[in-house]
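Input: a single structure, listed below in structure tokens.
Numbering (my numbering), first residue to last: 426 to 747.
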């Protein structure tokens, strides 16, 4: 078990985790290639993460850790534990490793949705954005829009080349992938129609989580007690985080969207333009997420450890696009 051996070697560099016991969590349901362990030590419980080998550069990870430190007064944000040399991460066996405090709560909004929980999630995000945006004067085209534009062009080039998914008799995913393909064919033209108006608009940009979704928001009762996984943090527009979060929590429910945006607006005001951007990012992001999965499964032939989780993700996209 090379990962387990490496984890023990890395853990020895963290004073807070001395004498702690390791419990492997695998990839904890994710698809990034990261490896996670729970660490229970005298000083408390922690999450040890081995980043994917092709993830962030050391300077980028240090920047992310600096952002977490900047917002350290927020009780639901994990704290980065220092190594014995005062560093925030370890480079070992070709991977970057970090140790963060274990956050309480459960990512169970879908099982127990409520207005109070939705408001708590939006308030937490607004507080984080407000802190990360302090003193920021950067403006430009929304990077989330530009990423979607590039993804759309790449997908259209692939389809126009004549490529189509090939369905197999023992295909683990065909039952959900086939209807998803048809929905993409029907909706793909919405993407350029919605994106083009934003490609010439200069907007306020700041650090954003960029992958804050259902499984990364932990609740205890109706209160958010943990936001986790900051591996995708980038400079972007706050609407990118709103789109990702609300799309995963409340889907296409327009009334709940407005209530959620109002809750966020109470702590970090939103303009009408920013609200519209969040809606357009959600719609285009959902369509393009479907294209990504179809490409990964049927063009690139990627293999996943938990096929059932992939099926669940595809089924969710079908529900969103119908």
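The beta carbon of each residue, even a glycine, is placed where N, CA and C say it ideally should be.
Neighbourhood of residue 661 by C-beta distance below 7 Å, restricted to the same chain and skipping five residues each side: The residues are 567, 568, 569, 630, 633, 635.
Below 8 Å, can you find three or more Cβ-Cβ pairs linking the region 470–478 to the region 518–529? Yes, since at least three Cβ pairs between the region 470–478 and the region 518–529 fall closer than 8 Å, the two stretches touch.
Alpha-carbon spacing of residue 427 relative to residue 659, whole angstroms: Legend: pLDDT at residue 427 = 49, less than 50; position of this residue unreliable, no value from coordinates given.
At a cut-off of 7 Å, is residue 473 close to the ligand GDP when judged by its beta-carbon and the heavy atoms of the ligand? Looking for the ligand GDP in the displayed structure turns up nothing, as the structure carries no ligands at all.
Are the beta-carbon atoms belonging to residue 623 and residue 702 less than 8 Å from one another? Contact: yes.
Is the distance from the Cβ of residue 516 to the Cβ of residue 477 below 8 Å? No, Cβ-Cβ distance for residue 516 and residue 477 is not below 8 Å.
Span separating the alpha-carbon of residue 602 from that of residue 739: When rounded, the distance between both Cα atoms is 7 Å.
On a CA-only basis, which of 488, 709, 439, 450 is nearest residue 668? Give me that one, please. Considering only alpha carbons, the answer is 709.
Tell me whether residue 569 sits in a helix, a strand or coil according to DSSP, three-state version. Residue 569 carries a helical assignment under DSSP once its states are collapsed to helix, strand and coil.
Would you mind sorting residue 731 into buried or exposed? The rule is 16 or more other CB atoms within 10 Å of its CB. Around the CB of residue 731, fewer than 16 other CB atoms lie within 10 Å, so the residue is classed as exposed.
For residue 724, does the three-state DSSP call read helix, strand or coil? Judged by DSSP in its simplified three-state form, residue 724 adopts coil rather than helix or strand.
According to DSSP, which residues form a beta bridge with residue 460? Per DSSP, 475.
Would you give the residue range spanned by the alpha helix (DSSP H) that residue 665 belongs to? In the DSSP assignment, residue 665 falls within the alpha helix (DSSP H) that extends over 663–675.
Identified DSSP bridge partners for residue 523: BP columns for residue 523 point to 474.
Spatial distance of residue 621 from residue 737 (CA atoms): Those two C-alpha atoms are separated by around 31 Å.
Going by DSSP in three states, residue 386 sits in which element: helix, strand or coil? In this structure the chain extends from 426 to 747, so residue 386 is not present and cannot be described.
Who are the near neighbours of residue 435 in its chain, counting only those whose CB is closer than 6 Å to its CB and skipping five residues on each side? Only residues of its own chain outside the window of five on either side were considered, and among them 515, 517, 522 have a CB closer than 6 Å to the CB of residue 435, listed in chain order.
How would you label residue 610, buried or exposed, when you count the other beta carbons within 10 angstroms and need 16 or more for buried? Burial is judged here by how many other beta carbons sit within 10 angstroms of a residue's own beta carbon; residue 610 has fewer than 16 and is exposed.
Alpha carbons only, please: which of 530, 692, 654 is nearest the one belonging to residue 647? Of 530, 692, 654, the residue nearest in Cα terms is 530.
Please report the residue range of the alpha helix (DSSP H) in which residue 444 lies. Going by DSSP, residue 444 is part of no alpha helix (DSSP H) at all; its letter is neither H nor E.
Is there contact between the region 576–590 and the region 677–688, where contact requires at least three CB pairs shorter than 8 Å? The answer is no - the region 677–688 does not touch the region 576–590, with fewer than three Cβ pairs under 8 Å.
Neighbour-count burial assignment, residue 728, 16 or more Cβ in a 10 Å radius: Around the beta carbon of residue 728, fewer than 16 other beta carbons lie within 10 angstroms, which makes this residue exposed.
Chain-order list of residues whose beta-carbon lies under 6 Å from that of residue 641 (same chain, five-residue window excluded): Counting only residues of its own chain and dropping the five nearest sequence neighbours on each side, residue 641 has a CB closer than 6 Å to the CB of 653, 654.
Residue 503 classed as buried or exposed, judged by whether at least 16 other C-beta atoms fall within 10 angstroms: Answer is buried; the Cβ neighbour count reaches 16.
Using CA atoms only, rank isn't needed, just tell me which of 448, 545, 605 is closest to residue 713. Comparing Cα-Cα distances from residue 713 to each of 448, 545, 605, the minimum goes to 605.
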